[in-house]
Every structure is written in C-alpha cells, then in structure tokens.
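Heads up, the working numbering is the position in the sequence shown plus 34, with the first residue counted as 1. Structure first, then comments.
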Amino acid sequence: ATEDKTLKYIPMTEENLWSIYRARDSSSFWLFPFKRFEPNQKAIYHNHNLASLNVNEDQPARISGPAGETLGELITDLRKEKNLVGLATMVMVDGELQAAAVHGERKNRSGVPLELGDRWHLGGVAKSITATMIARLIESGQMRWTDTLGESFPEAEVHEDLRAVTLRQLLTDTAGLPNYFPSEVNRLRPALGEESMLARRAAVLDVLKEQPENPPGEKFSYSGVGYTIAAAMAEQITGATWSELVRREVFEPLELQGAGFAAPKSTDEILEQPRGHRTIRRLKLAMDDQTGNSLIRGPSGGVHMTLQDLCIYAIEHMCGEEGEGKLLSAETYKQLHTPELDDYACGWIRREAGQDIPHQVYWHNGSNTLWYAMIVFIPETNMVVAVTSNDGDFRNAETAAWEIVKAQFTTELDLQVPK
35 ATEDKTLKYI
45 PMTEENLWSI
55 YRARDSSSFW
65 LFPFKRFEPN
75 QKAIYHNHNL
85 ASLNVNEDQP
95 ARISGPAGET
105 LGELITDLRK
115 EKNLVGLATM
125 VMVDGELQAA
135 AVHGERKNRS
145 GVPLELGDRW
155 HLGGVAKSIT
165 ATMIARLIES
175 GQMRWTDTLG
185 ESFPEAEVHE
195 DLRAVTLRQL
205 LTDTAGLPNY
215 FPSEVNRLRP
225 ALGEESMLAR
235 RAAVLDVLKE
245 QPENPPGEKF
255 SYSGVGYTIA
265 AAMAEQITGA
275 TWSELVRREV
285 FEPLELQGAG
295 FAAPKSTDEI
305 LEQPRGHRTI
315 RRLKLAMDDQ
325 TGNSLIRGPS
335 GGVHMTLQDL
345 CIYAIEHMCG
355 EEGEGKLLSA
365 ETYKQLHTPE
375 LDDYACGWIR
385 REAGQDIPHQ
395 VYWHNGSNTL
405 WYAMIVFIPE
415 TNMVVAVTSN
425 DGDFRNAETA
435 AWEIVKAQFT
445 TELDLQVPK
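Structure, rendered in structure tokens:
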C-alpha cells in the first residue's frame with residue numbers, strides 16, 4: 035500500500051481504502067500514501083464515482099415528543115448541509131421531553147437507520163462524569179479537593195514542579211499538563227477493568243516524572259492527561275477501577291441503563307449500534323469499536339450513552355445546584371460548575387448570556403475523531419439539550435450542534451420551550 039505504482043491500479047472502493055487505512059495504522063505513516071500521489075493518480079482518485087459512497091439521503095428522521103416533527107426537520111436539513119453520517123438531538127424542559135430526533139444511518143451506506151435509543155460515544159463529555167465520580171468520593175471522605183500528587187503517589191518519582199498540584203487543579207485543567215500521552219501509550223489497547231487500570235497507572239507514573247508544560251495554577255490548558263491522573267488517584271485510594279467507580283457512583287444511582295464504556299459495540303453483520311466514522315479524502319469510512327483513544331485515557335473520553343441518559347445526567351447537574359440532585363450536595367455541584375482561571379470548571383464550560391442565547395449556559399463537547407457529542411444545560415430555562423453524531427467531522431458537527439441549541443431561542447422554530 036505504500037507503492038504508487040501499485041495504487042495506480044487499485045480502485046478506491048470503501049473496502050480498499052479501509053485496508054489501506056489499517057495498514058497505515060500499523061505503520062509510521064499518518065496519511066498513508068495519499069500524500070505521495072502523482073498528479074495523474076490524484077485525477078484517477080478524484081474522478082472515481084463517489085456516488086455510491088456518499089451519505090444516504092433517503093431515510094426519514096425518527097422523532098418523538100410534542101415538538102419532534104419540527105426538530106426532525108431541522109436536524110435533517112443540518113445533517114445534509116453538513117454532510118454528516120448521522121445527527122441526533124434531544125431537548126428536555128422541566129425534566130420532560132419536548133423533542134427528540136435522529137437522522138442518518140448507523141453505518142454509512144448500510145441502509146440501517148439510526149434509532150432514538152441508540153448509544154453514542156461522548157468523547158470529552160466523559161470528563162465531567164469522572165469529576166462527578168470523584169466528587170462523590172470527596173463527599174464520602176475518601177478524597178479531598180486539596181489532595182496533592184506528592185501525597186497521592188508518595189513512592190513515585192514526581193517532578194518537583196508537580197508535587198504540589200492539587201486534585202482540583204487536575205479537574206479544572208490548570209495543572210499545566212498536556213492533553214495527550216505519548217503516541218505509544220495511545221496505541222495500547224488494554225481491556226476494560228484491571229488491565230486498563232494497571233496500564234493507566236504505568237502511563238501516569240511516567241508523566242509525573244516530567245516537567246509540566248506550563249507552571250501549575252497559572253494557566254488553563256485543556257488536558258486529558260490531568261483527568262487520567264485524577265482517576266488514577268481515585269483508583270489507588272479505593273482499590274476499584276475507574277469503570278467500576280463510575281458505574282457505582284454515577285450510572286447506577288441515576289439509573290443510566292444505556293451507559294457504558296468505550297465505543298458502543300457493533301458488528302457489520304448486525305449493526306445493533308452506530309459506528310463511528312472518519313472522513314478520508316471525502317469518503318466517510320466506518321471504523322470498528324477498537325479504533326480511537328485507548329481506554330488508558332478513558333477517564334477523559336471513554337464513555338457512551340443514549341440521548342436520554344445524557345439528558346438525565348445533565349438534569350442531575352442542573353438541579354443539583356438547587357439542592358435537588360441525587361448524587362451530591364448543592365455546594366459540591368457549585369464546586370464542579372465554578373470556573374477556575376478561565377471559563378472552564380470541572381468538565382463544564384460556563385458561557386455567559388449573549389445575543390444568540392440570552393441565558394447563561396453550561397456545556398461541554400467531545401470527540402475521539404470518530405464521534406461527536408455536546409451536552410448543554412441552561413438553569414434559567416430549566417432546559418437541557420443533547421446533540422450527538424457518529425461522524426468525526428468535528429467542525430461541521432460542532433457547527434450543527436450550536437445551531438440546534440440556538441434554535442431553541444428563535445421564533446422561527448416554535449419548539450414549545452421557554453424563550
């Protein structure tokens with residue numbers, strides 16, 4: 035697959051592109067041989083008939099709720115406009131469903147439509163879930179916001195600049211740590227549970243030896259590594275794995291029956307759940323559930339949920355500050371939602387009221403480059419909005435998500451929700 039003279043005679047079907055992609059994934063190439071094409075070969079590729087590989091336009095949206103039809107029309111138009119494999123959203127007000135809609139396919143060109151109960155990989159939305167689990171441990175007295183890395187890993191080699199970093203700094207991305215582990219760590223594929231816990235600890239101990247990218251406590255820097263370290267602290271203190279803790283402290287109390295870890299499981303034969311997709315030279319290629327981030331980084335991006343689960347989780351946070359939450363006290367929820375140095379809190383971003391959305395918004399998005407998710411809650415209107423896609427085209431999915439959120443406050447849509 036690295037020889038131009040060989041590629042010249044290979045039709046660029048989805049199956050062949052997938053084979054080339056997998057070959058690239060096991061080598062040191064980034065964009066495999068596409069960047070080595072000669073001009074005439076580029077012409078051969080771009081003139082290939084892509085019609086059979088484009089996103090299917092024929093499936094109707096699945097809808098629910100009193101304003102479901104209106105929302106279905108909106109996301110159908112947005113999915114087509116942004117050329118996404120699938121797009122889904124749910125709007126709840128006062129804990130009641132106002133509208134839900136999904137449009138697209140579980141796998142591109144499969145003919146299998148998305149359903150309202152499908153599960154979606156959440157990417158970085160998992161950060162607030164990990165923070166919520168840790169907050170439960172804090173309230174039970176097992177951890178403290180002020181726990182330091184030096185105290186938590188007393189026998190480890192911790193860089194002098196990191197020894198005083200606190201748990202809260204890790205959860206507010208102000209510890210000066212990078213977003214990613216070295217590439218060799220992300221290539222590891224430990225199984226969920228104890229195997230990933232041990233691999234996570236090894237990766238964390240290696241990072242702790244290094245000088246931080248920024249002085250701790252002085253600058254916001256989005257960091258998946260920081261959340262992974264925080265989870266490793268919880269694992270060390272409790273003896274339970276991150277996934278066990280999240281299930282016990284968050285999923286089970288909230289009865290999130292469609293929640294799980296990593297990407298939702300799906301096979302080509304059944305396609306019982308959506309598949310994540312990557313755009314490669316204008317083609318939407320479905321990836322298997324092992325593609326994406328390693329479970330070592332699960333605490334910062336290794337959770338999946340249904341739209342309903344995601345809304346229930348957001349409602350818990352929204353109501354929690356008013357003392358009506360099931361998991362935590364109002365004071366602890368305020369800790370989770372209060373930004374530190376920037377607009378970033380513990381897995382939530384606070385967006386002040388503006389012309390397009392006339393209310394303060396708490397939100398977070400996420401993508402492992404194959405999926406997209408956004409969750410929003412707006413306390414002043416008692417509204418939550420969840421948006422998901424099984425397409426890793428982040429820019430287009432993000433644009434569509436904000437258009438859906440902003441549409442809740444326009445007169446054109448009449449979604450029967452507070453303006």
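Cβ atoms here follow ideal geometry from the backbone N, Cα and C, with glycine treated the same way.
Identify, in the order they occur along the chain, each residue of the same chain with its Cβ nearer than 7 Å to the Cβ of residue i, setting aside the five sequence neighbours on each side.
| i | result |
| --- | --- |
| L305 | R140, K141, S144 and V146 |
| V238 | T262, I263 and A266 |
| S401 | G157, G426 and F428 |
| G251 | Q203 and T208 |
| L279 | M167, A268 and T272 |
| V119 | V89, G138, E139, N142, H311, K318, N424 and D425 |
| G359 | E350, C353 and Y367 |
| E437 | L112 |
| E244 | H193 |
| A233 | L222, P224 and I330 |
| Q270 | S186 |
| R309 | R140, K141, S300, A320, M321 and N424 |
| E386 | Q394 |
Could you tell me which of the options sits nearest to residue i, measuring between CA atoms?
| i | options | result |
| --- | --- | --- |
| P246 | N220, L156, P212 and L118 | P212 |
| G258 | F428, E228, T164 and D390 | T164 |
| P392 | L118, A441, E218 and E374 | A441 |
| M321 | L329, S328 and R312 | R312 |
| C380 | T403, H351 and P249 | H351 |
| L196 | R235, D343 and G260 | G260 |
| L362 | I172, V410 and E191 | I172 |
| E414 | R153, L121 and Q394 | Q394 |
| P333 | W276, A122, P373 and E191 | W276 |
| L341 | V410, A101 and D240 | V410 |
| G335 | H155, Q93 and Q176 | H155 |
| S300 | L148, Q93 and G102 | L148 |
| A236 | G210, E191 and A387 | E191 |
| D343 | P100, V241 and G129 | G129 |
| Y406 | N416, V337 and N248 | V337 |
| Y256 | V159, Q176 and M339 | V159 |
| G210 | D302, N248, L242 and W179 | N248 |
Tell me which same chain residues have a C-beta within less than 8 Å of the C-beta of residue i, skipping the five on either side of it?
| i | result |
| --- | --- |
| I364 | For the record, residue 364 in the displayed sequence is Ala; it is not Ile. So the qualifying residues of the chain are G354, E355, E356 and G357. |
| H454 | A question about residue 454 goes unanswered here, because the residues of the chain that appear run from 35 up to 453. |
| S98 | L131, A133, A134, A135 and L150 |
| I109 | A95, L121, A122, T123, A135, V136, H137, A434 and I438 |
| N220 | Y214, N327, S328, I330 and R331 |
| W179 | I172, T200, L201, R202 and Q369 |
Give the C-beta separation of residue i and residue j to the nearest angstrom, bearing in mind that I take them to be a contact with Cβ-Cβ under 8 Å.
| i | j | result |
| --- | --- | --- |
| V136 | R96 | 5 Å |
| A297 | G326 | 6 Å |
| V199 | L183 | 5 Å |
| K161 | A431 | At roughly 18 Å, the Cβ-Cβ gap does not stay under 8 Å, so K161 and A431 are not in contact. |
| L404 | I346 | Their Cβ separation, rounded to whole angstroms, is 24 Å, which puts L404 and I346 out of contact at 8 Å. |
| G330 | S217 | Per the sequence shown, the amino acid found at residue 330 is Ile instead of Gly. With a Cβ gap of about 12 Å, I330 and S217 do not count as contacting. |
| D181 | Q307 | Between Q307 and D181 the Cβ distance is about 37 Å, and since that is not below 8 Å, they are no contact. |
| E283 | R170 | 4 Å |
With DSSP as the reference, please indicate the residues paired to residue i in a beta bridge.
| i | result |
| --- | --- |
| K318 | T313 |
| I97 | A135 |
| S423 | Y406 |
| N399 | M408 |
| M417 | V127 and I412 |
| I383 | Y378 and W397 |
| R153 | T340 |
| G120 | G138 |
| P147 | E139 |
| T182 | T200 |
| F295 | V337 |
Among residues of its own chain, excluding the 5 on either side of residue i, which ones have a beta-carbon nearer than 6 Å to its beta-carbon?
| i | result |
| --- | --- |
| L375 | T208 and F254 |
| K76 | The predicted model places K76 with a pLDDT of 33, which falls under 50 and marks its position as unreliable; any figure quoted below should be read in that light. So no residue of the chain qualifies. |
| H80 | Here the model assigns H80 a pLDDT of 33, short of 50, so the residue's position is not dependable, and the following value carries that caveat. So the list is empty, once near-sequence residues are dropped. |
| V125 | Q132, A133 and V419 |
| N399 | M408 |
| L227 | Before going on, a small fix: residue 227 reads as Gly here, not Leu. Taken in chain order, the residues that qualify are T275. |
| R281 | none |
| G106 | A95, I97 and A135 |
| Q93 | P147 |
Check whether the Cβ of residue i lies closer than 7 Å to any heavy atom of the ligand SAM, and answer yes or no.
| i | result |
| --- | --- |
| Q342 | Ligands in the displayed structure: none, and consequently the ligand SAM is not present. |
| task | Report yes or no: do the stretch 195-205 and the stretch 414-425 share at least 3 C-beta pairs separated by less than 8 Å? | result | no
| query | Pairing CB atoms from the stretch 283-295 with CB atoms from the stretch 177-194, are three or more of them under 8 Å? | reply | no
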